[in-house]
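**Student:** Chains as they are written, first to last, in UniProt numbering: chain X, 1 to 246; chain A, 1 to 246; chain P, 1 to 246; chain V, 1 to 246; chain G, 1 to 246; chain W, 1 to 246.
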């Protein structure tokens with residue numbers, strides 16, 4: 001199956017991290033097609049940036065062809081709801097997949113990440129998924145970092161420590177290492193945290209594979225049915241075509 | 001005070017409806033500056049369209065100058081959270097303002113609108129505001145309509161009937177007539193529904209005036225502080241400048 | 001418009017504080033009519049005192065004449081629900097108005113006040129409004145104070161510090177300085193707390209003005225319709241008349 | 001043990017109904033002391049009336065002497081929180097006791113009563129107790145009735161029918177026949193409804209007996225500790241004394 | 001009345017503790033029939049052990065005869081829902097009874113116990129009862145203990161200290177001393193904690209007495225009706241008989 | 001990988017249905033090991049039967065050897081929490097897997113099944129998973145059925161109709177066909193319902209494969225760590241060994 005691995009930020013090195021982590025768990029028949037946002041910010045960290053990233057994500061999905069499924073690979077899932085309306089193949093968000101997977105590994109999960117700026121956006125992702133009751137805490141490092149593509153090495157010890165602390169202090173049963181720049185970190189540090197770790201992009205790959213394998217049909221009713229065709233103004237042609245059903 | 005009345009869809013006739021309804025309640029010193037989205041769809045009805053509308057709304061806000069406040073005048077409040085981060089003046093959403101105003105007029109409000117397609121987006125707006133416990137129901141007409149700018153006349157009797165039914169069947173104490181194309185309808189039909197009606201844009205004008213009058217400061221901490229400056233790629237210059245704090 | 005500024009406690013000096021703070025934000029055409037409870041306690045701090053204050057508030061409202069709206073100016077809103085049933089003009093509670101206003105300034109608000117005794121009553125006000133999901137914390141100073149009418153000066157530094165701490169520790173985006181005796185404090189200390197502050201009575205004035213401007217009708221159905229007329233025994237004449245619809 | 005059976009409305013015939021129903025389940029050593037409100041309304045049905053009833057209830061409690069416990073015998077529990085603060089013996093509310101008892105008889109309870117006017121007040125009682133998740137529905141008859149003291153006979157068949165319907169349609173496991181005027185009805189119609197019925201005053205008697213038997217101490221900390229002593233103005237002497245700790 | 005006091009763990013000394021504490025509050029006419037699990041673990045502390053204890057509890061109930069009611073006397077209430085389906089007399093759980101009783105003594109209760117291992121099971125009991133909103137905290141000692149039947153003496157000072165801390169730090173109004181091995185402790189230490197203490201088995205005795213006195217009927221509809229008769233394989237004869245309605 | 005497909009009821013024909021449906025979606029390298037409960041009831045439909053099924057499930061898991069993962073294949077997930085504590089490999093419940101999968105296919109899911117008796121148990125499964133906010137409705141057929149192993153053929157048309165109705169009336173975006181006896185039905189009727197259908201056992205196979213692929217570690221902290229070793233009395237040897245860590 002062909003899965004678009006859509007990075008809605010503009011940093012190709014982060015796409016590379018995502019792809020490397022994704023490949024270690026992908027099934028033999030899974031082809032991962034990486035894509036990096038052509039415009040936007042180097043890493044999405046706020047609601048404002050997520051709004052812009054969501055619009056770019058829809059365009060990137062409209063551009064792609066021959067997909068069996070797609071992964072919106074930014075924790076926070078920009079544009080996910082809209083993508084699920086517009087496209088006929090399954091689309092999975094990295095935050096969503098990580099949280100739902102975590103629910104099978106523990107009663108309550110914590111989300112651990114590398115920057116305070118991400119907290120409000122992640123908090124809204126938890127709420128959007130209706131999983132506040134399963135979330136023990138969102139914990140963020142508070143210092144600056146040098147390079148988004150290397151933040152996981154730079155902050156490794158601090159992140160492991162924060163994960164251990166949320167287990168002890170917030171009673172988390174499982175910890176999600178969140179944010180595309182942390183892709184691949186969980187495997188490296190798993191034996192240093194006393195509960196299961198969830199790597200967002202790896203969870204997303206397995207969930208996307210699961211949905212494709214289950215061959216669920218596209219809804220023609222309910223809130224994710226295809227919207228009625230509509231004219232548009234000034235949108236990229238592929239997206240305009242999809243909105244007008246052309 | 002100068003308030004941007006930002007219509008994130010592309011239909012100027014809807015902007016006109018919004019402006020007319022807004023003016024009837026605006027305070028003497030309030031100057032309303034109408035703006036219609038330069039790109040997007042004629043009316044926003046789905047999550048996908050809201051994502052696109054949110055991005056356009058941020059651009060429109062970045063273009064405007066000399067504002068004391070702004071109103072995102074689509075029920076569903078596309079881009080509101082992001083706008084609140086990026087800009088230093090108060091920004092109010094039409095759904096948010098309508099619901100919070102309704103909370104002072106009744107224990108539970110219903111949202112009544114003209115098309116089924118709007119329900120999921122509105123439902124997410126209720127949840128995003130944490131007001132599910134105050135929402136009696138979202139009720140939508142189910143037929144087609146001819147012209148978005150005249151849907152309020154075309155459907156007037158049906159909307160009045162639906163409002164009356166949600167009072168009787170869902171125990172609503174107050175009814176929000178939702179959706180930019182219904183701006184101004186509430187005043188016309190108020191005496192035909194036995195509970196208070198809330199007109200979204202009118203509520204938004206009064207709430208924006210209230211916030212400006214209260215002279216609240218821009219946060220420098222918390223989840224609506226200004227994001228750290230950041231480079232960007234391919235964004236409209238005014239928005240890029242704001243993101244890079246230029 | 002004529003707004004009753006109803007202080008349900010017996011301390012006229014607190015009414016003066018409320019009036020002074022209210023006037024700085026009231027619109028040009030707003031006439032504020034102060035009233036102090038003729039019986040009860042010097043300041044309401046507990047559920048028991050709120051019950052008594054609620055009954056007095058209803059009597060005071062029944063006594064007043066020619067009103068366009070009213071403000072129940074004790075944080076905790078004693079008697080608010082009952083007032084909304086009995087009277088035909090809008091009635092706004094200070095806690096309600098502060099919290100709803102805060103919702104437009106941040107994702108989560110904290111309530112900061114000067115005495116531990118107030119916490120349970122305020123907590124019930126948050127729940128009654130269905131806003132627990134938006135409330136980061138209720139934080140109270142714990143020492144004694146000398147004079148209720150001067151507690152805001154006496155405790156100013158401690159209150160500023162507590163506001164700053166709830167931002168840092170509870171992730172509040174906005175802080176409500178709660179309690180009638182703190183009226184006017186927010187403006188004085190706004191630049192010493194890194195998030196917007198909400199002054200309860202000022203929020204209530206703007207919300208009452210908004211409701212009056214929106215000219216919402218009195219409900220004849222739903223939970224705030226006028227109760228059916230009923231005889232009564234031993235109540236003050238004006239209130240008895242209102243209950244019997246005379 | 002001596003239990004005050006406090007009827008916060010002014011209808012002595014309703015007090016008689018309450019007393020008769022209470023006696024059939026009271027333990028041998030329980031002495032029930034009936035009291036009827038000296039002022040207020042013939043039956044409490046709205047938030048406004050409940051505010052007045054709550055104030056009267058506190059006065060009645062302050063007047064009584066030599067009590068081991070008390071029952072606030074109006075469904076809606078006017079003044080309960082305040083009573084629990086001010087007095088050293090256990091005070092139980094009829095709504096509270098009925099709902100908590102119902103929780104041991106079924107997963108979800110319905111509340112059935114004789115007048116639509118009661119619904120908002122009862123709904124707030126459910127919320128105040130934090131039991132919304134256990135409440136299947138509140139169902140009210142909608143016609144007028146002749147005499148509050150005989151409404152249970154007049155409406156018996158309709159109430160039985162409504163109880164049966166809430167079982168079938170709302171999936172209630174247990175039905176509370178709510179409202180002081182229905183005291184004693186449950187026993188008479190129990191075999192005509194296919195789930196357990198709860199009679200409010202009977203549940204309250206057993207819960208009050210339970211609390212007295214368990215000899216729980218009066219809190220000196222937490223939200224039901226005795227409030228700090230305070231002067232007051234214009235209150236009945238016994239209540240003023242209690243508030244000033246005299 | 002005859003009440004089975006069912007200890008679903010295998011330690012007879014714990015049954016003795018339960019019985020002693022229960023007798024001090026039982027009404028004169030209450031006969032308490034103690035029973036200790038014939039198989040299982042010495043004390044139930046985890047979800048796995050609770051599953052096994054639940055199955056044993058159903059068998060023990062099926063074996064007993066001539067009962068008017070029963071108490072499942074392990075905090076966590078193993079098998080309670082199933083018992084309520086299968087048997088015609090009232091069955092009360094110790095956790096359920098303690099929490100519902102606590103709700104009449106305070107706004108929020110804390111649960112205090114002697115071992116960390118119990119926390120997840122107790123947390124699920126709170127959720128199962130729909131009382132998360134009333135629960136301030138679950139607090140557990142973290143050291144080892146010597147003898148389950150004497151843990152209350154060994155840890156007395158630590159438990160009192162933990163109770164006091166949850167009042168101060170978690171704002172609990174009432175504290176439940178939870179776990180069968182702590183039966184009887186509350187009475188001994190009540191004057192050393194500033195809020196009411198609830199002893200689980202004592203609360204359960206009073207609640208079981210209340211339910212029996214109220215003579216509620218067995219449901220023939222709703223979720224606690226008797227299940228349809230069904231064959232079974234390999235179950236103890238008395239339980240098999242009950243399942244097949246023989 | 002070797003996955004135990006554990007049917008906690010005693011009907012081998014249902015195990016066959018489960019296995020057949022599971023195989024059509026299992027990955028090439030997945031070996032499914034079917035097991036039928038050696039004691040219990042022919043199909044689990046109530047809380048009481050689930051308690052018994054949970055105990056048997058733990059025994060069956062303790063008996064199995066060489067597993068990489070396991071599926072508790074009764075909708076309601078008897079014993080799941082306990083299994084997750086006791087065993088070192090991932091264990092997935094059929095209800096849990098179906099609901100979490102459904103969350104990626106729609107905003108709100110409905111659960112549709114063949115017998116009213118199942119509703120309370122399923123409702124508790126939704127709550128236990130903290131997914132009440134995502135559940136539109138639980139809908140059950142109400143007639144009798146002939147043979148549990150053929151109920152899906154017998155009721156096919158009625159189930160399709162009920163699924164369509166919950167989409168239209170409850171606004172479900174996705175429908176779970178719940179209950180082991182319906183395994184395989186979803187694929188057969190997918191094109192007759194306008195939203196995606198989820199087959200419980202198929203979802204569980206994909207989720208179990210996902211967890212095994214992600215190689216999550218066994219927790220040594222948090223609520224799913226292995227319980228401390230403990231003696232036991234009268235349990236099957238393999239389970240006793242596991243509880244005593246032998």
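Just so it is clear, CB atoms sit at the ideal spot from N, CA and C, and this is done for glycine as well.
Within a Cβ cutoff of 6 Å, which residues of the same chain sit near residue 211 of chain P, ignoring the five residues on either side of it in sequence?
**Tutor:** Excluding positions up to five away in sequence, the list reads 90.
**Student:** Given residue 16 of chain V, which residues of its chain have a CB within under 7 Å of its CB, disregarding the five upstream and five downstream residues?
**Tutor:** Here the set comprises nothing.
**Student:** Any idea if residue 246 of chain V is buried or exposed, counting beta-carbon neighbours within 10 angstroms, 16 or more meaning buried?
**Tutor:** Interpretation of residue 246 of chain V is limited by its pLDDT of 49, a score under 50 that renders its predicted location unreliable; the figure taken from the coordinates is listed afterwards. Classification for residue 246 of chain V: exposed.
**Student:** Under 8 Å, do residue 72 of chain G and residue 83 of chain G count as touching if we go by C-beta distance?
**Tutor:** Yes. Within cutoff.
**Student:** With a Cβ-Cβ cutoff of 8 Å, do residue 2 of chain P and residue 67 of chain P count as a contact?
**Tutor:** Yes, the pair counts as a contact, with Cβ atoms nearer than the cut-off.
**Student:** Which whole-angstrom value describes the C-beta separation of residue 172 of chain X and residue 109 of chain X, a residue pair presumed to lie in contact below a C-beta threshold of 8 Å?
**Tutor:** Contact flag correct, Cβ pair sits at about 6 Å.
**Student:** Hey, could you find the ends of the alpha helix (DSSP H) residue 241 of chain P is sitting in?
**Tutor:** Run containing residue 241 of chain P: 237 to 243, per the alpha helix (DSSP H) assignment.
**Student:** For residue 191 of chain A, does the count of other Cβ atoms within 10 angstroms reach 16, so buried, or fall short, so exposed?
**Tutor:** So residue 191 of chain A counts as exposed.
**Student:** Give a yes or no on whether the C-beta atoms belonging to residue 185 of chain A and residue 152 of chain A are separated by under 8 Å.
**Tutor:** Yes, the Cβ-Cβ distance between residue 185 of chain A and residue 152 of chain A is below 8 Å.
**Student:** Along the stretch 165 to 181 of chain X, where does the CB come closer than 9 Å to a CB of chain W? Name the residues.
**Tutor:** Cβ contacts with chain W come from 167, 168, 171, 172, 173 and 174.
**Student:** Give the list of continuous alpha helix (DSSP H) stretches no shorter than 4 residues that lie fully inside the stretch 95 to 147 of chain P.
**Tutor:** As far as the stretch 95 to 147 of chain P is concerned, its whole alpha helix (DSSP H) runs of at least 4 residues are 119 to 128.
**Student:** Run down chain G in chain order and give the residues with a C-beta less than 8 Å from the C-beta of residue 227 of chain W.
**Tutor:** Within chain G, the residues near residue 227 of chain W are 45, 46, 48, 49 and 117.
**Student:** Using DSSP with H/G/I as helix, E/B as strand and the rest coil, what is residue 15 of chain X?
**Tutor:** DSSP places residue 15 of chain X in helix when its eight states are reduced to three.
**Student:** Could you say which of P:6, P:114 and P:175 lies nearest to residue 182 of chain P if we only look at CA atoms?
**Tutor:** Out of P:6, P:114 and P:175, P:114 has the C-alpha closest to the C-alpha of residue 182 of chain P.
**Student:** Fully enclosed by the stretch 193 to 240 of chain V, which alpha helix (DSSP H) runs are 4 residues long or longer?
**Tutor:** 200 to 214, all fully within the stretch 193 to 240 of chain V.
**Student:** Could you list which residues in chain G have their beta carbon closer than 9 Å to that of residue 107 of chain X, in chain order?
**Tutor:** Near residue 107 of chain X (Cβ distances below 9 Å), the residues of chain G are 120, 123 and 124.
**Student:** Taking all protein chains shown into account, do 16 or more other C-beta atoms lie within 10 angstroms of the C-beta of residue 88 of chain A, making it buried, or fewer, making it exposed?
**Tutor:** The residue in question, residue 88 of chain A, is exposed, as its Cβ has fewer than 16 Cβ neighbours within 10 Å.
**Student:** Got a sec: is the Cβ-Cβ distance from residue 212 of chain X to anything in chain A below 8 Å?
**Tutor:** Judged by the 8 Å Cβ criterion, residue 212 of chain X is not in contact with chain A.
**Student:** Spell out whether any CB of chain G is found under 8 Å from the CB atom of residue 6 of chain V.
**Tutor:** Residue 6 of chain V does not count as touching chain G.
**Student:** Just by C-beta distance, which residues in the stretch 192 to 207 of chain V are closer than 8 Å to chain G?
**Tutor:** Residues passing the 8 Å Cβ filter: 194, 195, 196, 197, 198, 199, 202, 203, 206 and 207.
**Student:** Is the beta carbon of residue 195 of chain A sitting closer than 8 Å to the one on residue 160 of chain A?
**Tutor:** Contact flag unset, no.
**Student:** Which residues does DSSP pair with residue 38 of chain V in a beta bridge?
**Tutor:** Per DSSP, none; premise fails for residue 38 of chain V.
**Student:** If you draw a straight line from the alpha carbon of residue 36 of chain W to that of residue 131 of chain G, how long is it in whole angstroms?
**Tutor:** Each residue's Cα considered, the two are about 37 Å apart.
**Student:** Just the C-alpha distance for residue 4 of chain V and residue 55 of chain V, rounded to the nearest angstrom, thanks.
**Tutor:** Straight-line Cα distance between these residues: approximately 16 Å.
**Student:** Is the beta carbon of residue 50 of chain G closer than 8 Å to that of residue 78 of chain G?
**Tutor:** Their beta carbons are under 8 Å apart, which means residue 78 of chain G touches residue 50 of chain G by this criterion.
**Student:** Entirely within the stretch 25 to 76 of chain G and at least 3 residues each: give me those beta strand (DSSP E) ranges in chain order.
**Tutor:** Whole beta strand (DSSP E) segments, 3+ residues: 31 to 36 and 69 to 72.
**Student:** Assign residue 241 of chain A to one of two classes, buried (16 or more other C-beta atoms within 10 Å of its C-beta) or exposed (fewer than that).
**Tutor:** Under this definition residue 241 of chain A is an exposed residue.
**Student:** State the Cα-Cα distance for the pair residue 137 of chain A and residue 166 of chain A, rounded to the nearest angstrom.
**Tutor:** If I take the Cα positions, the gap works out to 7 Å.
**Student:** Opposite residue 3 of chain X in the DSSP bridges: which residues?
**Tutor:** For residue 3 of chain X, which the question treats as bridged, DSSP gives the partners X:32 and X:69.
**Student:** Listed in chain order, which residues of the stretch 228 to 241 of chain P have Cβ atoms closer than 9 Å to some Cβ of chain V?
**Tutor:** Taking 9 Å as the Cβ-Cβ cut-off against chain V, the residues of the stretch 228 to 241 of chain P that qualify are 228, 230, 231, 232, 233, 234, 235 and 239.
**Student:** Among the residues of its own chain, which have a CB less than 6 Å from the CB of residue 291 of chain W, if the five just before and after it don't count?
**Tutor:** Since the first and last residues shown for chain W are 1 and 246, residue 291 of chain W lies out of range.
**Student:** Assuming residue 26 of chain V and residue 205 of chain V make a contact with CB atoms under 8 Å, what is their CB distance in whole Å?
**Tutor:** Their Cβ separation, rounded to whole angstroms, is 5 Å, which keeps residue 26 of chain V and residue 205 of chain V in contact under 8 Å.
**Student:** Count the other CB atoms, across all protein chains shown, that sit within 10 Å of the CB of residue 199 of chain A; report buried if there are 16 or more and exposed otherwise.
**Tutor:** Buried, because 16 or more other Cβ atoms sit within 10 Å of the Cβ of residue 199 of chain A.
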